Amino acid sequence: MDRATLDAYDKDAAAFAEEWHGQPAPVDLHEIVEQFFVRGGRTADIGCGSGREVDWLDTNGFSAEGFDASEGLLAEARARYPDLTFTYAALPELSGVAANRYDNVLCETVIMHLDHAEIVPAVRRLLDIVKPDGVLYLSWRVTDADERDAQGRLYTAVDAGLVRAELASATATTFLDEELVSASSGKTIHRLVVKKPGLPPRD
Numbered sequence: 754m755d756r757a758t759l760d761a762y763d764k765d766a767a768a769f770a771e772e773w774h775g776q777p778a779p780v781d782l783h784e785i786v787e788q789f790f791v792r793g794g795r796t797a798d799i800g801c802g803s804g805r806e807v808d809w810l811d812t813n814g815f816s817a818e819g820f821d822a823s824e825g826l827l828a829e830a831r832a833r834y835p836d837l838t839f840t841y842a843a844l845p846e847l848s849g850v851a852a853n854r855y856d857n858v859l860c861e862t863v864i865m866h867l868d869h870a871e872i873v874p875a876v877r878r879l880l881d882i883v884k885p886d887g888v889l890y891l892s893w894r895v896t897d898a899d900e901r902d903a904q905g906r907l908y909t910a911v912d913a914g915l916v917r918a919e920l921a922s923a924t925a926t927t928f929l930d931e932e933l934v935s936a937s938s939g940k941t942i943h944r945l946v947v948k949k950p951g952l953p954p955r956d
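With this note's numbering applied, the sequence shown covers 754 to 956.
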């Protein structure tokens, strides 16, 4: 992950958490999860921030745990939701997260904080931790060019074609591919929902 972005999140974790929890509920995201995720399946939120979506997932029938690269945001999540599990893990490696572990993986507006060279490996690793026949939700904020905001957070201009090509190379089935304004943040984001291939039949 981009070091300056992590430093910004660690420094102002409480303020970011207040901002996110004060935003309108992401009803559009919730509708997508309800439509495509495996009901009752083990679920990971990669880049969970202060834990808002982990709580919603767990409350709504998706047994969920959160992962983030910011220790500051993880501390906020643990304080807000002490009965849920939050663990350190950073893209693209996600060290310590087992392959083929989760029925559902959510990665909401995270990969744009990666350098260009890390984006495809991150997409590959996200799909790697999904079980066969499981579902990956992936989104990022859309920008015309690489930029940093006032807090120093990196927003890489993600090439959607490269993301699609990586998912296609893994023969993932695309359920959703859209660009729209998020109901929660008010920012333009690109969303993809794909299904990982199942295991090949035994002879």
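The beta-carbon is built from N, C-alpha and C at its ideal position, and this holds for glycine as well.
Bear in mind the structure is a predicted one, so any value in this text is a computation, not a measurement.
Which residues in the same chain as residue i place their Cβ atom closer than 6 Å to its Cβ, once the five residues preceding and following it in sequence are excluded?
i: valine 863; result: Gly800
i: proline 845; result: Glu871, Pro874, Ala875 and Arg878
i: phenylalanine 789; result: Val888, Phe928 and Val946
i: valine 916; result: Val876
i: aspartate 856; result: Val791, Gly794, Arg795, Lys884 and Gly887
Among the options, which has the Cα closest to the Cα of residue i?
i: threonine 840; options: Ala936, Ala797 and Lys940; result: Ala797
i: aspartate 755; options: Leu867, Ser892, Glu900 and Gly819; result: Leu867
i: isoleucine 882; options: Arg795, Arg906, His783 and Val786; result: Arg795
i: aspartate 821; options: Gly814, Ala830 and Phe815; result: Ala830
i: lysine 764; options: Ser937, Leu826, Asp856 and Gly814; result: Leu826
i: leucine 907; options: Met865, Ile785, Ala851 and Val858; result: Met865
i: glutamate 861; options: Tyr762, Ser938, Pro777 and Glu772; result: Ser938
i: glutamate 932; options: Arg944, Leu859 and Ala921; result: Arg944
i: glutamate 784; options: Ala768, Glu806, His774 and Ala767; result: Glu806
Would you tell me roughly how many angstroms separate the C-alpha atoms of residue i and residue j, rounded to the nearest one?
i: threonine 758; j: alanine 910; result: 15 Å
i: glycine 849; j: alanine 842; result: 7 Å
i: alanine 770; j: alanine 923; result: 35 Å
i: aspartate 897; j: glycine 914; result: 14 Å
i: glutamate 824; j: proline 835; result: 15 Å
i: leucine 810; j: glutamate 772; result: 20 Å
i: alanine 903; j: alanine 778; result: 25 Å
i: isoleucine 942; j: aspartate 930; result: 11 Å
Might you give, ordered along the chain, the residues of its own chain that have their beta carbon closer than 8 Å to the beta carbon of residue i, omitting 5 neighbours on each side?
i: alanine 925; result: Leu880, Leu889, Val947, Lys948, Lys949 and Pro950
Identify every residue that forms a DSSP beta bridge with residue i.
i: isoleucine 799; result: Phe820
i: tryptophan 773; result: None, per the DSSP bridge assignment.
i: threonine 838; result: None; threonine 838 has no bridge partner.
i: isoleucine 942; result: Arg894 and Leu933
Quick one: residues in its chain with C-beta nearer than 7 Å to the C-beta of residue i, no 5 flanking neighbours on either side, listed in chain order?
i: proline 885; result: Asn853, Lys949, Pro950, Gly951 and Leu952
i: arginine 833; result: Ser803 and Gly804
i: alanine 936; result: Pro777, Pro779, Val780 and Asp781
State the CB to CB distance for the pair residue i and residue j, rounded to an integer number of angstroms; the pair is presumed to be in contact (CB under 8 Å).
i: aspartate 818; j: leucine 847; result: The amino acid occupying residue 818 in the given sequence is glutamate; aspartate does not appear at that position. Glutamate 818 to leucine 847, Cβ: 13 Å. No contact.
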